[in-house]
Amino acid sequence: MFDVLGNRFRDIFAGIRGEVRLTPAAVESALREIRLALLEADVNFKVVKAFVSRVRDRAVDRAVLDSLTPDQQVVAIVRDELVALFGKQQAGFAAAGRRQRVVLLLGLQGSGKTTTAAKIAHWLSRQGRRALLVSVDIRRPAAIEQLSVLGGQAGLAVHDPQDRESAAGRALSAVELARADGFDTVIVDTAGRLHIDDELMSELEEISAAVDPTDRLYVADAMTGQDAVRSAGEFHRRAAVSGIVLTKMDGDARGGAALSVVAVVGVPIVFSGSGERLEDLELFRPDRMVSRMLGMGDILTLVDRAEQAAAEQQAEQVERRALPDQFTLEDMRRQMTVIGRMGPLDQVLGLIPGMGALGGGAQIDPKGLTRVAAIIDSMTRDERRRPGLMNGSRRKRVARGSGTSVQEVNRLLKQFAQMRQLLKKVQSGAVGRRSQARRLRQRMRIPGALAP
Numbered sequence: 022m023f024d025v026l027g028n029r030f031r032d033i034f035a036g037i038r039g040e041v042r043l044t045p046a047a048v049e050s051a052l053r054e055i056r057l058a059l060l061e062a063d064v065n066f067k068v069v070k071a072f073v074s075r076v077r078d079r080a081v082d083r084a085v086l087d088s089l090t091p092d093q094q095v096v097a098i099v100r101d102e103l104v105a106l107f108g109k110q111q112a113g114f115a116a117a118g119r120r121q122r123v124v125l126l127l128g129l130q131g132s133g134k135t136t137t138a139a140k141i142a143h144w145l146s147r148q149g150r151r152a153l154l155v156s157v158d159i160r161r162p163a164a165i166e167q168l169s170v171l172g173g174q175a176g177l178a179v180h181d182p183q184d185r186e187s188a189a190g191r192a193l194s195a196v197e198l199a200r201a202d203g204f205d206t207v208i209v210d211t212a213g214r215l216h217i218d219d220e221l222m223s224e225l226e227e228i229s230a231a232v233d234p235t236d237r238l239y240v241a242d243a244m245t246g247q248d249a250v251r252s253a254g255e256f257h258r259r260a261a262v263s264g265i266v267l268t269k270m271d272g273d274a275r276g277g278a279a280l281s282v283v284a285v286v287g288v289p290i291v292f293s294g295s296g297e298r299l300e301d302l303e304l305f306r307p308d309r310m311v312s313r314m315l316g317m318g319d320i321l322t323l324v325d326r327a328e329q330a331a332a333e334q335q336a337e338q339v340e341r342r343a344l345p346d347q348f349t350l351e352d353m354r355r356q357m358t359v360i361g362r363m364g365p366l367d368q369v370l371g372l373i374p375g376m377g378a379l380g381g382g383a384q385i386d387p388k389g390l391t392r393v394a395a396i397i398d399s400m401t402r403d404e405r406r407r408p409g410l411m412n413g414s415r416r417k418r419v420a421r422g423s424g425t426s427v428q429e430v431n432r433l434l435k436q437f438a439q440m441r442q443l444l445k446k447v448q449s450g451a452v453g454r455r456s457q458a459r460r461l462r463q464r465m466r467i468p469g470a471l472a473p
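For the sequence shown, our numbering begins at 22 and goes up steadily by one.
As structure tokens, then:
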């Protein structure tokens, strides 16, 4: 979502990077470009005006301009203010103590509430917590069925009280069942509307009075831009929203909604969703999001994903195979399943410092992993362990056996060599902080199927 805006920021920073001295005029020129980039990204005008004013006040300070690294300080100021736009503190979603947690999901029709309900329940289950799902959209039976299907696919508990006809009654039934059966969280998927109306708000008030929710999360479709911000503000005014979930963050929208919603609505972003899988939901961390946007990478999130994807008991084996001299095509083949659990390849690469800028927003086809697997499977054991054996005749044989072309075999071998080079950088600490890279090697077998 932030590819275009991130590229604009990197170009602006490149214009001032390396300057021994910065003048107020040079800073003002950069601020004009920043203002234009944010407005083109559909960021709220008032938010942009306040943002530029804060950056100007800090960047033209004499202590900054006269410092030894004024360019780096200006970049750091812009980064800090972008983090402030998203909310300086991570909202978090900690356990509600001894009290049972009741989460109401609010939002307009089509924003992704039902899928988000299942995603949050799945996220909670990975934290060792038990969540009970219930849909109270009594006017749309398909929503109740959709939640049951999503829950069944992931082994999540879904409550469907057939004897309760009202939305408030269904929600209360779920809370009572959760209390009796030891569920610590109830997630209530409320009805959506094409627009905000009095009937919807009255229903929400009835549900709130019945179950006394601990959280009211507004689910906003980030693809709708400023419409999502305005709707979130209206819901907050009439229903006291406590947090926001941004969905469809993997889309090609300009990102203005994500940058505006906290400043306009005044409540934090709690989760962000970036795909259709139940795993594609993350706690929203402002500093990490800005680092990704500016091409600085996000090693901590990469490590988190790797820890979830790799089995704990394989840590020692993973560390040995992540050494560049011992990394073979057999290891690459074993990693095909691991990378699928970590998310789309373009998103994973965007977490590595410098790789986001190199990617240029290019989409990486996950079906390519299947072709990579077929090529490797067509090699002999010696060829997989010693890729240097792959001469011209061997490459032709592997191409025929895998149903691919010699060009694809050549590309795979070239990418394998590039992956070994990347592993050397990780090992030496060139990518990310040294301690984080060490954790990455311990938890992750890095896949070798990069885009050409």
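C-beta: ideal position from N, C-alpha, C; glycine also.
Taking just the CA atoms, how far does I290 sit from M310? As a position in the sequence shown, residue 310 is number 289, starting the count at 1. As a position in the sequence shown, residue 290 is number 269, starting the count at 1. Roughly 12 Å between the two C-alpha positions.
Burial state of H257, where buried means 16 or more other Cβ atoms lie within 10 Å: Along the sequence shown, one-based indexing puts residue 257 at 236. Result: buried.
Contact criterion: CB-CB distance below 7 Å. Does G36 meet it with respect to chain D? This model lacks chain D altogether, as it is built from one protein chain only.
By DSSP, does S426 sit in helix, in strand, or in coil? Numbered from its first residue, the sequence shown carries residue 426 at position 405. DSSP places S426 outside both helix and strand once states are collapsed to three, so it counts as coil.
Measure the C-alpha to C-alpha separation of G213 and R392 and round it to an integer number of angstroms. As a position in the sequence shown, residue 213 is number 192, starting the count at 1. As a position in the sequence shown, residue 392 is number 371, starting the count at 1. Going by the C-alpha atoms only, they are around 42 Å apart.
Using the beta-carbon count (16 or more within 10 Å), is L57 buried or exposed? Counted from its first residue, the sequence shown places residue 57 at position 36. By the neighbour-count criterion, in which 16 or more other beta carbons inside 10 Å mark a residue as buried, L57 falls on the exposed side.
For Q148 and L106, what's the separation of their Cα atoms in angstroms? Here residue 148 refers to the residue found at position 127 when the sequence shown is read from its first residue. Here residue 106 refers to the residue found at position 85 when the sequence shown is read from its first residue. Near 28 Å, if we compare the C-alpha coordinates of L106 and Q148.
Every unbroken beta strand (DSSP E) inside the segment 253-315 [3 residues or more]: Whole beta strand (DSSP E) segments, 3+ residues: 264-268, 290-294, 302-304.
In or out: Q356 buried (at least 16 other Cβ within 10 Å) or exposed? Within the sequence shown, numbered from 1, the residue matching residue 356 stands at position 335. The residue is buried, with at least 16 neighbouring Cβ atoms inside 10 Å.
Assigned exposure category for E226 - 16 Cβ within 10 Å defines buried: For the purposes of this step, residue 226 is taken as residue 205 along the sequence shown, with counting starting at 1. The residue is exposed, with fewer than 16 neighbouring Cβ atoms inside 10 Å.
Kindly indicate which three-state DSSP category V207 falls into: helix, strand or coil? As a position in the sequence shown, residue 207 is number 186, starting the count at 1. DSSP, reduced to helix, strand and coil, places V207 within a strand of the structure shown.
Does the distance from the CB of G277 to the CB of V64 come in under 7 Å? Taking the first residue of the sequence shown as 1, we reach residue 277 at position 256. Taking the first residue of the sequence shown as 1, we reach residue 64 at position 43. G277 is a Cβ neighbour of V64, given a cutoff of 7 Å.
Starting from V25 and walking both ways along the alpha helix (DSSP H), at which residues does that stretch end? The sequence position of residue 25 within the sequence shown is 4, counting from 1. Start and end: 24-37.
Given M222, which residues of its chain have a CB within under 7 Å of its CB, disregarding the five upstream and five downstream residues? As a working note, residue 222 is residue 201 in the sequence shown. Taking M222 as the centre and dropping the five residues before and after it, the same chain places the C-beta of R259, A260 closer than 7 Å to its C-beta, in chain order.
Beta-carbon separation of D158 and A152 under 7 Å? Position 137 of the sequence shown, counting from 1, holds the residue named residue 158. Position 131 of the sequence shown, counting from 1, holds the residue named residue 152. No, they are not a contact pair.
Nearest-angstrom Cβ-Cβ length linking R405 and T349, presumed shorter than 8 Å: On the sequence shown, position 384 is the one that residue 405 refers to. On the sequence shown, position 328 is the one that residue 349 refers to. 6 Å between Cβ atoms; contact.
Extent of the continuous alpha helix (DSSP H) to which H180 belongs: The residue labelled residue 180 in the question sits at position 159 within the sequence shown. Careful: H180 lies outside any alpha helix (DSSP H), inside the beta strand (DSSP E) at 178-180.
The segment 175-182 contacting the segment 116-136, beta-carbon criterion three pairs below 8 Å: Not touching, per the Cβ criterion.
State yes or no: is the C-beta of L544 within less than 7 Å of the C-beta of V69? With the chain running from 22 to 473 in the structure shown, residue 544 is simply not present.
Which runs of the beta strand (DSSP E) spanning at least 3 residues fall entirely within the segment 117-147, listed in chain order? Runs found: 122-127.
Which class does D233 belong to by DSSP, given the choice of helix, strand or coil? Residue mapping note: residue 233 aligns to position 212 of the sequence shown, counting from 1. Coil at D233, not helix or strand.
Restricting to Cα atoms, I'd like to know which of A279, L280, A241 is closest to Q262. Mapped onto the sequence shown, residue 262 falls at position 241. Sequence inspection shows Val at residue 262; the Gln mentioned does not correspond to that position. Nearest to V262 by C-alpha distance, out of A279, L280, A241, is A241.
Do you know offhand how far P307's Cα is from G108's? Sequence index remark: in the sequence shown, residue 307 carries index 286 (1-based). Sequence index remark: in the sequence shown, residue 108 carries index 87 (1-based). Cα atoms of P307 and G108: separation of roughly 6 Å, rounded to the nearest angstrom.
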